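Only one structure is covered here, and it is reproduced in the block below.
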Amino acid sequence: MADFTRVEFAVEWNSAAVVPGTVCGFRALPAAWSVAAAVINTARNFGHIEKFVWGNADAWATDYEHPAVVSTGDSLNMVDNTHLMYVSGHGAAETAVSLASNHFGCRAFYRNMRLGVRRLRWLVLDLCDAVTENPDVGTSVMRTWDTPTSGVAGQPRRALHVLCAFIGTEFPGIDTNRGAEFLTAVSRGTPVGTAWLDAAFARSGSNTNRPIAIACGRDGPDSRFRRDHGKLSDRDAGPVPSNHLAWKWRS
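Positions 1 to 251 (the UniProt record's numbering) are the ones given, in order, by the sequence shown.
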């Protein structure tokens with residue numbers, strides 16, 4: 001594997017039922033753990049470096065939120081302190097990652113994230129509605145993800161390389177091996193955005209998982225190039241400009 005680049009990875013998942021007495025409302029999702037377990041095992045087998053794996057009551061909203069936005073935020077020590085972050089579970093439409101812990105709240109709000117200002121290069125949100133079609137995909141991408149990729153005072157418009165997610169409802173039980181297939185592909189040198197679309201698209205009857213890859217860049221050509229060609233070998237490139245977002249999806 002001439003293109004193999006070892007990266008640091010982390011995984012969190014929410015497969016449990018809702019925490020009583022919180023604003024979060026969701027059912028237990030056993031398939032989320034199946035996805036996460038396959039990701040963890042594949043990453044380990046390839047020799048990637050494990051930063052942390054936390055699930056259910058041990059996965060916290062503070063792991064995602066930036067301390068400059070929310071005083072309890074600990075993203076610089078958690079999600080933004082690894083190269084590749086994979087999240088499997090529930091999402092609130094265009095709003096948050098929903099968690100099975102009520103540690104400073106059961107939702108990690110996207111608006112409180114500042115993704116990639118430290119070490120995060122690639123984030124996979126294997127959950128529902130990180131992007132919607134209200135009224136269209138492009139509007140939803142910009143409305144939801146411009147602020148989380150806007151950087152902070154010391155690093156304005158600096159962010160992660162590629163965000164991988166789903167459009168609308170995601171059906172986790174259709175193919176619980178998608179995360180492992182994604183890790184395998186990127187570890188073998190496939191561009192991150194392409195690997196996600198290939199691994200995560202699935203259809204069963206009327207249910208379809210529609211993956212989307214969103215890349216940051218200094219301008220249109222730069223973000224489109226990263227969307228189509230960005231690889232794990234870009235690990236040491238640092239935060240990239242987020243003046244422009246480019247995306248592609250499969251449906």
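All C-beta atoms in this analysis are idealised placements derived from N, C-alpha and C, irrespective of residue type, glycine included. Just so you know, these numbers come straight off a predicted model, no measurement behind them.
Your pair Val162 and Ile212 does not check out as a contact, with CB atoms roughly 11 Å apart and the cut at 8 Å. As computed with DSSP, Met78 is found in no beta bridge at all. Asp126 is bridged by DSSP to Ser88. For Val162, there is no enclosing alpha helix (DSSP H); the enclosing beta strand (DSSP E) has its first and last residue at 162-166.
If you look at Asn207, you'll find it in the beta strand (DSSP E) that goes 207-209.
Its chain contains Ser15 as the residues whose beta carbon lies nearer than 6 Å to that of Pro30, once the 5 sequence neighbours on both sides are disregarded; these appear in chain order. Of the other Cβ atoms in all chains shown, 16 or more fall within 10 Å of the Cβ of Met85; this residue is therefore buried. Within the DSSP secondary-structure output, Phe52 pairs in a beta bridge with Ala10.
By the Cβ test, the stretch 119-136 is in contact with the stretch 76-94, since at least three Cβ pairs between them sit closer than 8 Å.
Closest option to Arg107, judged by alpha-carbon separation, among Phe171, Asp63, Arg227, Asn243: Asp63.
Leu99 and Val18 have their alpha carbons spaced roughly 8 Å apart. Contact annotation: the stretch 164-175 touches the stretch 126-136, with at least three C-beta pairs closer than 8 Å. Listed as beta-bridge partners of Cys216 by DSSP are Leu245. Per DSSP, Arg143 is one residue of the alpha helix (DSSP H) stretching across 137-145. Apart from sequence neighbours up to five positions away, the residues of its chain that approach Leu160 with a beta-carbon distance below 8 Å are Leu115, Gly116, Leu120, Arg121, Trp122, Leu123, Thr149, Cys216, Pro239, Val240, ordered along the chain. The shortest CA-to-CA distance from Ala28 to any of Ile40, Trp13, Ala37 is the one to Trp13. The Cβ atoms of Leu183 and Val39 sit closer than 8 Å to each other. Inter-residue distance for Gly173 and Val53 is about 21 Å (C-alpha atoms, whole angstroms). Remark: fewer than three beta-carbon pairs, one from each stretch, lie closer than 8 Å, so the stretch 220-233 and the stretch 198-211 are not flagged as touching. Note on Asp175: 16 or more other CB atoms within 10 angstroms of its CB, so buried under the neighbour-count rule. Looking at Arg157, Ser204, Phe46, Pro20, the one whose alpha-carbon comes closest to that of Ser251 is Ser204. By the Cβ neighbour-count rule, Asn209 is buried, with 16 or more other Cβ atoms within 10 Å of its own.
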